[in-house]
Every structure is written in structure tokens, then in C-alpha cells.
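Residue numbers (this note's numbering): 840 to 1006.
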């Protein structure tokens, strides 16, 4: 079962910039057709997508465990009853976490680069074929309340984009 897609801060920033740029352009369209696509599903359908999703899940699990361990050590240090070994363990855990975070970020970028190109091309092809002028990420649009209502039967390009990305 596919997990939640978690993007790095850089990827999130790029997506937000693209979304804002798209929305600014959408505001100037007079008779544009707006579509929605579940980008995560398209990524999962793409070549390299399942590996990218698996890497994200592994990174999230690993970093989550490390963060929890840091929280436990930090709580102990904050009580004022921590030994010098506890303080040293906290510092080591924080360094290990930062190193792992950087390593996962590099791995995620490397794994996402070829996936992004094929996903973007597939979404663009599906949108163009069906006459859409603007396409938003369905999950981001819903979570940010950008889209209040959409008739998904006429606006959802997910299946068409998934078909295009598999070609």
C-alpha cells in the first residue's frame, strides 16, 4: 500500500512556487479550464516512482525513530538530572540525525529527478489533450482549501496522466 508522499523542503518550495505561479496565471485566464491531478498516484505509476515512494517511506521511518530518540534524550537532559554520557549521547544523536537528513535529501533528489520529468510530461500531455489550461495537484489544492468545489468527473486528470506516464 503506498504511503504518504513527503517532499523535501526544497521540493515543497518548488511545488509551492509552481502552484503560486499557476494560480497567478489562472487569475488572468478568462475562459480557462482547470483540472486536478493526484500527483502522488501519477508518481507511483511512473517508472522509478515506486522506488521513490519506498525511499520516502524508509527515510520517514528512519528519521522519525531518530527524532523520537532525540526527544527522549532531550527530555532527560532538560530535567537537569542527565549525566555527562546522556548529554554526549544527545549530541551524537543530533549529529547522526543531521547527517541522515542530508543523505536522504540527496537520495530523494536523485531518485525524484527522472520521475519528475516523466510525471510533468504526462500531466502536461493529458491536460493538453483534454483542453485544460491549468492543472493543480489535487491533494495540495484540497489541503490548502484552494479548491472549494470540483466536479471530479470532469476535472480529474489522474487516470489520463497515469496512462500517459506508463507509455
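Every residue, glycine too, gets a C-beta built ideally from N, C-alpha and C.
Taking a contact as a CB-CB distance under 8 Å, the pair residue 880 and residue 957 does not count as one, their CB atoms being some 14 Å apart. Annotation note: the segment 883-933 contains the following uninterrupted alpha helix (DSSP H) runs of length 4 or greater, listed N- to C-terminal: 888-917. In the DSSP assignment, residue 973 falls within the unbroken beta strand (DSSP E) covering 973-976. Annotation: the continuous alpha helix (DSSP H) that includes residue 1004 extends over 997-1005. Counting C-beta pairs closer than 8 Å gives three or more between the segment 996-1005 and the segment 961-968, which meets the contact rule.
Rounded to whole angstroms, the separation of the alpha carbons of residue 989 and residue 951 is 29 Å. The three-state secondary structure of residue 878, taken from DSSP, is helix.
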